[in-house]
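Trainee: At position 77 of the sequence shown (counting the first as 1) the number is 406 in our numbering, and the numbers step up by one without a gap. C-beta: ideal position from N, C-alpha, C; glycine also. Keep in mind that this is a model prediction, so the values were computed, not measured.
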Amino acid sequence: MQLADAHGQFEKLGIAVVAMTYDSPATNRRFAQRRELPFPLLSDERARHAIAFGILNEAYEKGHRAYGVPHPGIFLLDDDGVIRAKFAEAGFRIRPSLGKVLKAAEAISK
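Below, the structure written as C-alpha coordinates:
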(Lines of atoms letter the chains of each structure in order from A and count residues from 1; the text may use other names and numbers.)
(Lines give C-alpha, C1' and ligand atoms only; values in the text may rest on other atoms or scores of the structure.)
Protein backbone atom coordinates (compact mmCIF):
# COMPACT_ATOMS: atom_id res chain seq x y z
CA MET A 1 0.00 0.00 0.00
CA GLN A 2 1.51 3.26 -1.13
CA LEU A 3 -0.12 5.32 1.63
CA ALA A 4 1.27 3.06 4.33
CA ASP A 5 4.74 3.25 2.79
CA ALA A 6 4.58 7.06 2.60
CA HIS A 7 2.95 7.56 6.00
CA GLY A 8 6.16 8.96 7.50
CA GLN A 9 6.50 11.52 4.71
CA PHE A 10 2.97 12.81 5.33
CA GLU A 11 3.61 12.81 9.07
CA LYS A 12 6.72 15.01 8.61
CA LEU A 13 4.48 17.53 6.81
CA GLY A 14 2.06 17.50 9.75
CA ILE A 15 -0.59 15.69 7.71
CA ALA A 16 -2.59 12.87 9.27
CA VAL A 17 -3.46 9.94 7.02
CA VAL A 18 -6.86 8.27 7.36
CA ALA A 19 -8.22 5.70 4.91
CA MET A 20 -11.83 4.67 4.28
CA THR A 21 -13.39 1.67 2.54
CA TYR A 22 -16.91 0.39 2.01
CA ASP A 23 -16.08 -2.74 4.01
CA SER A 24 -17.45 -3.39 7.49
CA PRO A 25 -15.57 -2.17 10.57
CA ALA A 26 -14.71 -5.79 11.46
CA THR A 27 -13.27 -6.45 7.99
CA ASN A 28 -11.29 -3.21 8.12
CA ARG A 29 -9.98 -4.03 11.59
CA ARG A 30 -8.69 -7.44 10.42
CA PHE A 31 -7.16 -5.91 7.29
CA ALA A 32 -5.47 -3.09 9.24
CA GLN A 33 -4.04 -5.54 11.77
CA ARG A 34 -2.83 -7.97 9.12
CA ARG A 35 -1.14 -5.17 7.14
CA GLU A 36 -0.01 -3.32 10.28
CA LEU A 37 -1.39 -0.05 8.93
CA PRO A 38 0.06 2.98 10.69
CA PHE A 39 -3.18 4.98 10.28
CA PRO A 40 -6.92 4.52 10.97
CA LEU A 41 -9.04 2.62 8.45
CA LEU A 42 -12.64 3.82 8.59
CA SER A 43 -15.80 2.18 7.25
CA ASP A 44 -18.33 3.73 4.85
CA GLU A 45 -20.71 0.76 4.56
CA ARG A 46 -23.67 2.90 3.52
CA ALA A 47 -21.62 4.92 1.00
CA ARG A 48 -22.53 8.24 2.62
CA HIS A 49 -19.01 9.59 2.35
CA ALA A 50 -18.46 8.21 -1.15
CA ILE A 51 -21.59 10.07 -2.23
CA ALA A 52 -20.62 13.27 -0.39
CA PHE A 53 -17.13 13.24 -1.91
CA GLY A 54 -18.49 12.50 -5.39
CA ILE A 55 -16.64 9.20 -5.83
CA LEU A 56 -19.46 6.63 -5.66
CA ASN A 57 -19.12 4.07 -8.44
CA GLU A 58 -22.57 4.34 -10.01
CA ALA A 59 -22.17 1.10 -11.98
CA TYR A 60 -23.94 -0.66 -9.10
CA GLU A 61 -27.49 0.16 -8.00
CA LYS A 62 -28.73 0.15 -4.43
CA GLY A 63 -29.40 -3.43 -3.42
CA HIS A 64 -26.54 -4.84 -5.49
CA ARG A 65 -23.89 -6.49 -3.30
CA ALA A 66 -21.23 -4.14 -4.72
CA TYR A 67 -23.27 -0.97 -4.10
CA GLY A 68 -21.16 1.50 -2.20
CA VAL A 69 -17.92 0.69 -3.94
CA PRO A 70 -16.20 4.02 -4.44
CA HIS A 71 -13.83 5.08 -7.15
CA PRO A 72 -10.38 5.33 -5.55
CA GLY A 73 -9.61 8.77 -4.27
CA ILE A 74 -7.26 10.73 -2.07
CA PHE A 75 -8.44 13.95 -0.47
CA LEU A 76 -6.31 16.48 1.37
CA LEU A 77 -8.26 18.46 3.94
CA ASP A 78 -7.11 21.42 5.98
CA ASP A 79 -7.60 21.80 9.73
CA ASP A 80 -11.10 23.18 9.13
CA GLY A 81 -12.15 20.11 7.13
CA VAL A 82 -12.12 21.97 3.80
CA ILE A 83 -10.99 19.85 0.85
CA ARG A 84 -7.83 21.50 -0.48
CA ALA A 85 -6.92 18.83 -3.06
CA LYS A 86 -8.77 15.91 -4.64
CA PHE A 87 -7.22 13.05 -6.56
CA ALA A 88 -9.88 10.69 -7.91
CA GLU A 89 -10.37 8.70 -11.09
CA ALA A 90 -13.36 6.79 -12.41
CA GLY A 91 -11.35 3.63 -13.07
CA PHE A 92 -10.42 1.55 -10.04
CA ARG A 93 -7.10 0.58 -11.60
CA ILE A 94 -6.03 4.21 -12.04
CA ARG A 95 -4.41 5.56 -8.89
CA PRO A 96 -2.95 9.01 -8.37
CA SER A 97 0.83 9.18 -8.30
CA LEU A 98 2.15 9.41 -4.79
CA GLY A 99 4.59 12.10 -5.90
CA LYS A 100 1.74 14.30 -7.07
CA VAL A 101 -0.14 13.82 -3.79
CA LEU A 102 2.95 14.57 -1.70
CA LYS A 103 3.63 17.72 -3.74
CA ALA A 104 0.08 18.96 -3.04
CA ALA A 105 0.48 18.03 0.63
CA GLU A 106 3.68 20.08 0.82
CA ALA A 107 1.90 23.10 -0.66
CA ILE A 108 -0.95 22.78 1.83
CA SER A 109 1.32 22.33 4.84
CA LYS A 110 3.14 25.65 4.24
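Mind checking residue 388: buried by the 16 CB within 10 Å criterion, or exposed?
Mentor: exposed
Trainee: Using 8 angstroms as the threshold, is the region 338-350 in touch with the region 424-438, meaning 3 or more CB pairs across them?
Mentor: yes
Trainee: With DSSP run on the structure shown, which of helix, strand or coil describes residue 438?
Mentor: helix
Trainee: Keeping to the same chain, check which residues put their C-beta closer than 6 angstroms to that of residue 417; ignore five residues upstream and five downstream.
Mentor: These residues qualify, in order along the chain: 384, 400 and 402.
Trainee: On the premise that residue 396 lies in contact with residue 374, defined as a C-beta separation below 8 angstroms, what is that separation, rounded to the nearest angstrom?
Mentor: Not quite, the Cβ-Cβ distance comes to about 10 angstroms (not below 8 angstroms), so this is no contact.
Trainee: Can you tell me whether DSSP reads residue 344 as helix, strand or coil?
Mentor: coil
Trainee: Quick one: what does DSSP say residue 399 is sitting in, helix, strand or coil?
Mentor: DSSP places residue 399 in strand when its eight states are reduced to three.
Trainee: What's the C-alpha gap between residue 414 and residue 394?
Mentor: 30 angstroms
Trainee: Would you mind listing the alpha helix (DSSP H) stretches within the region 330-381 that are 4+ residues and don't spill past its ends, in chain order?
Mentor: DSSP runs (the alpha helix (DSSP H)) wholly in the region 330-381: 331-334, 336-341, 354-364 and 377-381.
Trainee: Please report the distance separating the alpha-carbon of residue 353 from that of residue 404.
Mentor: 21 angstroms
Trainee: Would you tell me roughly how many angstroms separate the C-alpha atoms of residue 360 and residue 419, rounded to the nearest one?
Mentor: Straight-line Cα distance between these residues: approximately 24 angstroms.
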